[in-house]
Each structure stands twice: as C-alpha cells, then as structure tokens.
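See below for the structure under consideration.
There are 2 protein chains.
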Amino acid sequence: MLYVIGLGLCDEKDITVRGLEAVQRCTRVYLEAYTSILVAPASQLAEFYGKAVIVADREMVETQSDEILSGAETTDVAFLVVGDPFGATTHTDLLLRARARGIATNVIHNASVVNAVGACGLQLYNFGQTVSLVFFTDTWRPDSFYDRIRENRDLGLHTLVLLDIKVKEQSDENLARGRKIYEPPRYMTVTQAVTQLLEIEEARNEHVLDPHTTLALAVSRLGASGPIPQSIRAGTLSQLRDLDPAEFGPPLHSLVIVGRRLHDLEVDYARAFAIPTNTNGTDADADADSEWVRVSREVYGVNSI
Amino acid sequence: MLYVIGLGLCDEKDITVRGLEAVQRCTRVYLEAYTSILVAPASQLAEFYGKAVIVADREMVETQSDEILSGAETTDVAFLVVGDPFGATTHTDLLLRARARGIATNVIHNASVVNAVGACGLQLYNFGQTVSLVFFTDTWRPDSFYDRIRENRDLGLHTLVLLDIKVKEQSDENLARGRKIYEPPRYMTVTQAVTQLLEIEEARNEHVLDPHTTLALAVSRLGASGPIPQSIRAGTLSQLRDLDPAEFGPPLHSLVIVGRRLHDLEVDYARAFAIPTNTNGTDADADADSEWVRVSREVYGVNSI
Chain A
48 MLYVIGLGLC DEKDITVRGL EAVQRCTRVY LEAYTSILVA PASQLAEFYG
98 KAVIVADREM VETQSDEILS GAETTDVAFL VVGDPFGATT HTDLLLRARA
148 RGIATNVIHN ASVVNAVGAC GLQLYNFGQT VSLVFFTDTW RPDSFYDRIR
198 ENRDLGLHTL VLLDIKVKEQ SDENLARGRK IYEPPRYMTV TQAVTQLLEI
248 EEARNEHVLD PHTTLALAVS RLGASGPIPQ SIRAGTLSQL RDLDPAEFGP
298 PLHSLVIVGR RLHDLEVDYA RAFAIPTNTN GTDADADADS EWVRVSREVY
348 GVNSI
Chain B
48 MLYVIGLGLC DEKDITVRGL EAVQRCTRVY LEAYTSILVA PASQLAEFYG
98 KAVIVADREM VETQSDEILS GAETTDVAFL VVGDPFGATT HTDLLLRARA
148 RGIATNVIHN ASVVNAVGAC GLQLYNFGQT VSLVFFTDTW RPDSFYDRIR
198 ENRDLGLHTL VLLDIKVKEQ SDENLARGRK IYEPPRYMTV TQAVTQLLEI
248 EEARNEHVLD PHTTLALAVS RLGASGPIPQ SIRAGTLSQL RDLDPAEFGP
298 PLHSLVIVGR RLHDLEVDYA RAFAIPTNTN GTDADADADS EWVRVSREVY
348 GVNSI
C-alpha cells in the first residue's frame with residue numbers, strides 16, 4: 048500500500064491520528080520537501096514518529112519514483128506531503144504511477160493553505176481561482192497571474208496568491224555544467240510579492256490593482272503556534288509593500304487580494320489584523336483609522352462597519 | 048482559551064494530534080453538528096477522546112453562545128467543527144464573540160471538502176467559487192447558484208457544489224406553534240442535486256449546463272475509509288442523474304461541475320471513476336468507451352487522452 052499523507056501546516060503534531068497510525072505501520076517513510084515546507088525540520092518529524100524519514104527532493108520524486116514505489120505491492124510505504132496530498136500536481140502523478148503498477152493507494156487528507164486561509168476572516172465561498180507567483184528574474188517575468196486576478200476581480204472575488212519557493216535549485220551555470228551544487232533555499236516574502244504585483248500593474252496598466260485602493264491580507268506561517276506564531280496583516284497594497292519586512296517574519300508567506308464582494312463580517316473579523324494608518328505597527332487602538340476600515344468603507348462600499 | 052478545532056472529514060481519527068491534545072486539556076467539549084456531519088457518531092468521538100462531548104445544535108450556537116464561552120477566560124473550552132473551523136460563517140461569528148469578551152482563541156485546522164475535493168483528480172487551481180445548493184420546496188427555489196456556476200463556466204473553471212443538509216429542523220407548523228418537534232435529518236443526494244440543477248437550466252435556458260455535454264463528478268463520503276468508503280463517479284450530468292441512487296451510498300454527497308480548462312492529467316486521473324457508457328456500473332474495462340473520456344475529447348477538446 049502507498050499511503051499519501053497530508054501533514055497539515057506547521058509541525059509534527061499537525062498530522063492526523065489516522066495519518067500517524069499509518070506512518071507507524073510503514074516500512075519506509077518519504078517526506079516531499081520541495082513544493083512546500085513545514086516550520087519543523089524532518090528530524091523533528093522522525094523523532095516524533097519513531098521512524099526514519101527520507102527527504103525526497105524534486106529529482107527523486109520526478110525521476111526516481113520507482114524507488115519510492117519499490118515493494119509497495121507487499122509492504123506499506125508512506126509519502127508525506129506538507130498541507131493536503133492534492134495540493135500539487137506532482138503528487139497526483141505519483142498516485143497515477145502507483146495505480147499503473149497495480150499498487151493500492153490510500154490518501155489521508157489534512158489542512159492546506161487553500162482552506163486554512165479562511166483564518167484571515169474572508170469567507171471561502173468568496174474566493175475565485177488560486178494563483179501562483181514565481182520569482183521574477185531578468186529574463187523570466189511571467190504575468191499570466193495578472194489575468195487570473197483580473198478574472199476574479201471582475202466577479203468581485205478574492206484571490207489567494209501562493210508565493211514561490213526555491214529549494215535545492217541549481218544555478219544556470221551549475222545546471223549547464225552538471226554540477227550538483229545547490230543554491231540556498233529562497234522563499235518569496237509578502238514584500239517581494241506585492242512589489243512584483245505592482246510592477247506588472249504598472250507595465251500592463253489595466254487597473255486591476257491599485258497601491259492605495261486595493262486591499263490585501265498578508266498571511267505568514269498560517270497555522271503556526273509556538274515561538275513564532277502565525278501573523279496576519281491587513282491593509283492596502285502600498286501599506287503591505289512599505290511595512291518593515293521584518294514585521295512578516297520567517298516563511299512561508301501567502302497573500303490574499305480582496306475582491307469587491309467583501310462584506311461586513313469579513314471586514315469586521317479582519318480589522319483585528321489591520322495595519323494602523325501611521326504604519327508604525329504598534330498602535331492597536333488606531334483601528335477605526337486604519338486603511339483597512341477606511342478603504343473597505345469608501346472604496347469597497349461596506350457601509351455597516 | 049477557546050479552542051476551535053477542525054475534525055476533518057470522516058471519524059474520530061481524523062483529528063490532528065495537536066487537536067487531540069487540546070481536546071484532552073479542555074474542561075468542556077462541544078461538537079457543532081448542524082452545518083456538516085462526520086461518519087462517526089458523537090459517542091464514538093467521546094469514547095476516543097475520553098471526554099464527554101456536548102452536541103451543539105444551531106439554536107445553542109446561535110443564541111446561547113454565552114453558555115459555550117462561559118468561563119473560557121480561565122478554563123479551556125473546545126468547540127469541535129467538522130472539516131475546518133472556517134468552513135461556515137457561524138464559526139467565525141463565535142470567534143468574534145469570544146474576542147469581544149476578551150477570551151483568547153486558538154484555531155486548529157484540518158481538511159475540509161474545499162481542499163480534499165482534489166481527490167477527484169481535478170486540480171484545485173482550476174476551481175472557481177464554491178456554491179451551495181439548498182433543498183427546493185414548492186415555494187422556495189433560489190437559483191443564484193446558477194449565476195455563480197455560469198461565472199465559473201465562462202472562465203473555464205470547475206465548480207464545487209456543496210449540497211444542503213437539514214438537521215434538527217422544525218416543520219413550518221411546529222415552528223409556528225412553538226413545538227420543539229424536529230424533522231428527521233435530510234442530506235441532499237447527488238441524484239437530487241443534479242435533478243435540481245437541470246430543472247433550473249430548463250427554466251432559465253441560458254445553456255450553462257447540458258445533460259449530455261456537461262461533465263461532473265459525484266463525490267460521496269469524501270475521505271472515508273472503513274466499511275462504506277469514499278466513492279467518486281465521473282460522467283455526464285444525465286449519467287449521474289440516471290445512475291441507481293444506491294450507487295452513491297450514504298451521505299455526505301458533493302458534486303463537481305467540470306469547466307473547459309480541463310486538462311489531460313485531470314481526465315486521466317478521474318477515468319478510474321468513469322461511469323461506463325452502458326451505465327450498469329460494473330463494467331470497469333469499458334473505460335475507453337466511457338462518456339467521461341468521450342465527452343472530454345469531443346466536447347472539452349482534451350485530445351491527448
């Protein structure tokens with residue numbers, strides 16, 4: 048049996064009881080560690096499970112899946128995935144390969160950013176399609192996300208923007224020379240994301256986003272408790288761009304662009320996360336004067352706040 | 048502390064380890080049991096947790112929240128929610144009430160249909176807004192879901208359709224007379240849902256849905272293993288409507304309407320769920336002849352299958 052088990056959002060204790068029992072039955076346990084990350088390192092998972100955990104990088108999952116599936120006809124193998132197993136195409140692919148080899152499969156679900164983002168106070172049924180934002184380079188600045196955000200915007204829907212992570216990537220030069228030297232991991236921050244979004248807005252100029260009248264929420268370390276807990280900040284794009292990047296803290300970051308179907312309960316819930324207008328980040332009583340509330344009222348037309 | 052804890056999709060073992068530890072710390076444990084249900088009864092949860100579980104119906108949550116929150120300033124209270132805590136507006140409301148009373152809150156996430164629906168093989172980033180379908184009555188046939196499905200359809204996006212459940216509802220007569228007599232619980236089936244969808248299509252006639260050229264997936268008991276496991280069936284709306292309702296089995300049911308951005312990996316993954324063209328439901332080898340594959344190719348233009 049191949050178990051594909053969601054780990055949820057934060058650390059070793061976010062696995063479900065069903066998932067933990069399955070892990071403990073397995074003879075081999077792989078951890079997919081390139082489409083997302085937990086706050087906890089693999090060693091912490093291994094200690095909690097009482098099992099060795101093999102960290103599977105992109106190369107192993109995409110080109111050596113036979114090794115992962117080896118013997119799974121007769122023994123139990125676990126493939127652990129941050130969030131929910133169906134968060135990335137690559138896991139669907141592994142399930143298809145198992146099926147093609149006649150290996151029984153069992154998927155154990157968990158929270159992922161796609162549903163847990165409700166923690167920001169916006170209702171899930173008001174979200175449109177989810178988009179991904181990749182790190183821009185000098186020569187590679189894909190902007191199809193902009194069309195997706197516009198489609199959501201035209202319907203008044205919120206957009207969840209997933210931010211790029213680069214784990215165990217090779218530089219162009221090392222790749223060309225076949226040298227297995229890897230760059231340090233990079234995780235896109237909210238500051239980088241908003242900067243890229245506004246750069247594309249300026250280039251395309253289709254008025255999908257506006258620094259001062261588009262509201263957004265920065266969601267950092269969704270689901271994390273512990274020493275560096277989850278943080279959510281709400282404001283205009285320019286407020287988020289200009290906030291001290293240290294305010295958002297360590298990865299992972301996500302961003303939500305607020306659509307015009309915004310309603311009062313959503314504004315009310317998220318006002319606890321509002322960046323004060325003076326942006327010094329400390330004046331919690333400035334709530335009534337926050338851009339979050341002012342723009343909700345004046346631009347989005349939420350009058351009951 | 049008020050803990051709002053997602054239970055996931057199926058039974059007592061879908062709680063996370065973090066959630067279980069929190070439950071076991073609490074002096075009172077409530078189970079919200081009217082916006083969704085688990086396969087397992089409350090007594091099974093109570094036994095597994097080693098804690099009494101108080102079943103909270105709509106009336107208790109919406110009008111007696113003070114009772115739930117009582118003492119949570121100084122003791123730990125758990126409010127258990129099927130799926131993820133942010134799946135229903137009513138839970139956001141409870142968190143707001145706690146915040147207004149100065150009670151610390153802690154949300155523990157879990158899988159919900161909104162992310163676990165990826166199990167049907169369709170990619171989450173290809174979904175548009177989620178819609179809800181309520182039981183029609185002679186006088187109450189709201190059809191705004193039809194506009195939402197059209198909006199998704201126009202963008203080529205899939206639509207997750209959540210089906211109504213009625214738990215502890217009073218008849219109009221009992222309500223009017225103030226008699227606390229409740230109707231038996233009702234859970235909308237895929238068969239009822241598709242019938243209602245096609246009825247509205249016929250009335251509005253805006254060609255959003257077609258019995259023979261719109262593909263859909265019926266998802267029953269998502270995430271369930273055990274004696275009556277999860278079931279997924281893929282085909283045209285007319286195939287789903289005409290399939291023996293017993294094929295879908297007990298609740299909960301959900302439905303996914305397939306959008307035109309359908310791609311080959313999605314078709315390929317879901318072909319394992321395809322209803323054979325002869326609709327006798329047993330001919331698993333008829334895959335190549337299924338309406339799922341034929342319509343994907345001829346109507347949706349997925350040619351690589």
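First to last, the sequence lines map onto chains A and B.
According to my numbering, the first sequence is numbered sequentially starting from 48.
According to my numbering, the second sequence is numbered sequentially starting from 48.
No residue lacks a Cβ here, since even glycine has one placed at the ideal position from N, Cα and C.
{"Asked": "Distance between Thr74/B and His205/B (C-alpha atoms, nearest Å)", "Found": "43 Å"}
{"Asked": "Residues of its chain near Asp131/B, where Cβ-Cβ distance is below 6 Å and the 5 sequence neighbours each way are ignored", "Found": "Gly53, His156, Asn157 and Ser159"}
{"Asked": "Sequence-distant residues of its chain with Cβ nearer than 6 Å to Val208/B (five each side left out)", "Found": "Val178, Leu180 and Leu302"}
{"Asked": "Contact under 8 Å by Cβ, Val161/A with Leu171/B", "Found": "yes"}
{"Asked": "Span separating the alpha-carbon of Ser112/A from that of Ala89/A", "Found": "20 Å"}
{"Asked": "Secondary structure of Lys60/A, DSSP reduced to three states", "Found": "helix"}
{"Asked": "DSSP three-state assignment for Leu202/A, whether helix, strand or coil", "Found": "coil"}
{"Asked": "Chain B contacts made by the segment 146 to 161 of chain A, where a contact means CB separation under 9 Å", "Found": "Arg146, Asn153, Val154, Ile155, His156, Asn157, Ala158, Ser159, Val160 and Val161"}
{"Asked": "Helix, strand or coil at Ser90/A [DSSP, three-state]", "Found": "helix"}
{"Asked": "Short Cβ contact (8 Å threshold) for Glu109/B with Ile150/B", "Found": "no"}
{"Asked": "Identity of the residues DSSP links to Lys213/B by a beta bridge", "Found": "Arg233/B"}
{"Asked": "Chain-order list of residues whose beta-carbon lies under 7 Å from that of Val255/B (same chain, five-residue window excluded)", "Found": "Tyr193, Ile196, Arg197, Arg200 and Glu248"}
{"Asked": "His300/B: first and last residue of the uninterrupted beta strand (DSSP E) it sits in", "Found": "His300 to Ile304"}
{"Asked": "Helix, strand or coil at Phe174/B [DSSP, three-state]", "Found": "strand"}
{"Asked": "Other residues of its chain near Ala93/A: CB distance less than 7 Å, five sequence neighbours each side excluded", "Found": "Ala99 and Val100"}
{"Asked": "Enclosing beta strand (DSSP E) for Val124/B [first to last residue]", "Found": "Val124 to Val128"}
{"Asked": "Ala158/B in three-state terms, based on DSSP", "Found": "coil"}
{"Asked": "Length of the line joining the Cα atoms of Gln243/A and Ala321/A", "Found": "22 Å"}
{"Asked": "Rounded Cβ spacing between Thr139/B and Leu312/A (contact assumed at less than 8 Å)", "Found": "7 Å"}
{"Asked": "Local Cβ density within 10 Å of Gly328/A, reported as buried at 16 or more and exposed below that", "Found": "In this prediction, Gly328/A has a pLDDT of 49, which is less than 50 and means its spatial position is unreliable; what the coordinates show is noted afterwards. With fewer than 16 other Cβ atoms within 10 Å, it is exposed."}
{"Asked": "Distance between beta carbons of Leu127/A and Glu59/A, contact taken as under 8 Å", "Found": "Actually they are not in contact, since the Cβ atoms of Glu59/A and Leu127/A sit about 10 Å apart, beyond 8 Å."}
{"Asked": "Close Cβ partners of Arg344/B (< 7 Å) along its chain, the five nearest in sequence each way excluded", "Found": "Asn350 and Ile352"}
{"Asked": "Best match in Tyr50/A, Phe182/A and Val241/A for proximity to Arg233/A [C-alpha to C-alpha]", "Found": "Phe182/A"}
{"Asked": "For Ile27/A, the three-state DSSP class (helix, strand or coil)", "Found": "In this structure chain A extends from 48 to 352, so residue 27/A is not present and cannot be described."}
{"Asked": "Contacting residues, own chain, Cβ-Cβ under 8 Å from Phe95/A (five flanking each side not counted)", "Found": "Glu59 and Lys60"}
{"Asked": "Straight-line gap, Thr326/A to Ser337/A (C-alpha atoms, nearest Å)", "Found": "Caution is warranted here: a pLDDT of 49 is assigned to Thr326/A, below 50, making its placement in the model unreliable, and the coordinate value is therefore given only provisionally. Taking the straight line joining both Cα atoms gives about 9 Å."}
{"Asked": "Contact test: Val76/B Cβ vs the ligand PLP heavy atom, cutoff 7 Å", "Found": "With respect to the ligand PLP, the structure shown offers nothing to examine, as it has no ligands at all."}
{"Asked": "As assigned by DSSP and simplified to three states, the class of Thr326/B", "Found": "Model confidence at Thr326/B stands at a pLDDT of 49, short of 50, so the residue's coordinates are unreliable; what they give is reported in the following sentence. Correct three-state label for Thr326/B: coil."}
{"Asked": "Alpha carbon of Leu202/B to alpha carbon of Thr186/A, nearest angstrom", "Found": "29 Å"}
{"Asked": "Own chain partners of Arg144/A with C-beta closer than 6 Å, once the 5 adjacent residues on each side are dropped", "Found": "Ser112"}
{"Asked": "Endpoints, the alpha helix (DSSP H) within which Arg226/B is located", "Found": "Segment: none, Arg226/B is in no alpha helix (DSSP H) and carries neither H nor E."}
{"Asked": "Spatial distance of Leu356/A from Val346/A (CA atoms)", "Found": "This structure does not reach residue 356/A, given that chain A is present from 48 up to 352, and the question cannot be answered."}
{"Asked": "Interface flag, Lys98/A vs chain B, CB-CB below 8 Å", "Found": "no"}
{"Asked": "Where the alpha helix (DSSP H) containing Ile115/B begins and where it ends", "Found": "Ser112 to Leu116"}
{"Asked": "Coil, strand or helix - Gly97/A by DSSP", "Found": "coil"}
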